[in-house]
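Using my numbering, the first residue of the sequence shown is number -6, and each one after it goes up by one. By construction, the Cβ of each residue, glycine as well, lies at the ideal position given by its N, Cα and C atoms.
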Amino acid sequence: MGFFNWAAPLFHLFADRWSEQHVADIADELRPYVQGRAGLLDIGGGTGALASRLADAIPARVTVLDPAPEMLRYVPDHPDVTPVVGHAEAMPFDDDAFDAAIISDAFHHFRDQPGAVREIARVVRAGGALLILEYDPDAIRPIVWAERLLGEPAAFFCPDDLCAFLDRHGITGRCVSTSPRTYYFLGDVR
-6 MGFFNWAAPL FHLFADRWSE QHVADIADEL RPYVQGRAGL LDIGGGTGAL
44 ASRLADAIPA RVTVLDPAPE MLRYVPDHPD VTPVVGHAEA MPFDDDAFDA
94 AIISDAFHHF RDQPGAVREI ARVVRAGGAL LILEYDPDAI RPIVWAERLL
144 GEPAAFFCPD DLCAFLDRHG ITGRCVSTSP RTYYFLGDVR
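Written as C-alpha cells, this is what we have:
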C-alpha cells in the first residue's frame, strides 16, 4: 500500500485512461444490476476516475473503496461519488449494501483474494453483479515481475482460472477477452 500512497499523484495524472466507448461498455454491463440510483461499489478504485464516469453513465451512486488515503484524495468532487478508506478483505459496509461491484485492474493486488470475494458476496445483494477488469498474466509477464519487485502480490489469474476461482467462492460468471492483454469477468452474486 505504501507504493500507492507515494505514487498517487502519478496515478492521478494517468487515471482517466478509458475511452468513451469503454466506459459505455462497462456501464452497459452493470446497468441491468444497478437500477435507478442504487449503489455501485468500486473496490480498489484509487483516484475514482472510473467511478465518476460510471456515476454519470449508469447513473448510480458509486462508493470508491481503497486502502490508500492518498489515492482517495484525488477522487473527483462528484455528488454521486463517495470515497471510503478500507480494504477489500474487511469492508466497512453493511450486508447487501450494494447492487453491484467493480474491480478495475486491482484484483491482483489483493493479498487475501478469497477473503475479498467473501466480503464482496456479503456486501453485494444476492442477484447483484461483480465485474472485474483484469490483465491476462500470460500477455504481460514483465508487468507481473515488476509488481513483484515492488512488493505487490501480483496474483494475476488467467481468464479460465479466474472464472473457476470465483465460481468456487460463490460468484458464477463468464470471462470475456477485450484485447490480447485484457479481459473481464462478469458474474452473479449468489
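- DSSP assignment within the region 81 to 132 yields the following whole beta strand (DSSP E) runs of 3 residues or more, N-terminal first: 91 to 97, 117 to 128.
- According to DSSP, residue pairing for SER170 in a beta bridge involves TYR176.
- Buried is the label assigned to SER97, since at least 16 other Cβ atoms lie within 10 Å of its Cβ.
- In this structure, the alpha-carbon of MET64 lies about 10 Å from that of PRO76.
- If you ignore the 5 residues before and after ALA90, its C-beta comes within less than 6 Å of the C-beta of VAL116, all in its own chain and listed in chain order.
- Per the coordinates, the alpha-carbon of ASP59 lies some 15 Å from the alpha-carbon of ASP105.
- In the three-state reduction of the DSSP assignment, PRO152 falls in the helix class.
- Residue HIS80 holds the alpha-carbon nearest to the alpha-carbon of GLY108 among ARG24, HIS80, PRO52.
- Per DSSP, ASP21 lies in no beta strand (DSSP E) segment; the continuous alpha helix (DSSP H) that holds it begins and ends at 13 to 23.
- When secondary structure is reduced to three states using DSSP, ARG46 falls in the helix class.
- For PRO52, DSSP records no beta bridge to any residue.
- Residue state for ASP70 is assigned as coil, using DSSP reduced to three classes.
- By the CB criterion at 8 Å, ASP129 and PRO152 fall inside the cutoff.
- Taking all protein chains in view, the Cβ of SER172 is surrounded by fewer than 16 other Cβ atoms within 10 Å, so the residue is classified as exposed.
- Exclusion of the five residues before and after HIS71 leaves SER45, ALA48 as the residues of its chain whose Cβ lies within less than 7 Å of its Cβ.
- Between LEU124 and GLU22, the alpha-carbon positions lie close to 8 Å from each other.
- Residue pairing by DSSP puts GLY32 in a beta bridge opposite ARG54.
- When THR56, GLN28, PHE150 are compared, the shortest CA-CA separation from ILE95 is found for THR56.
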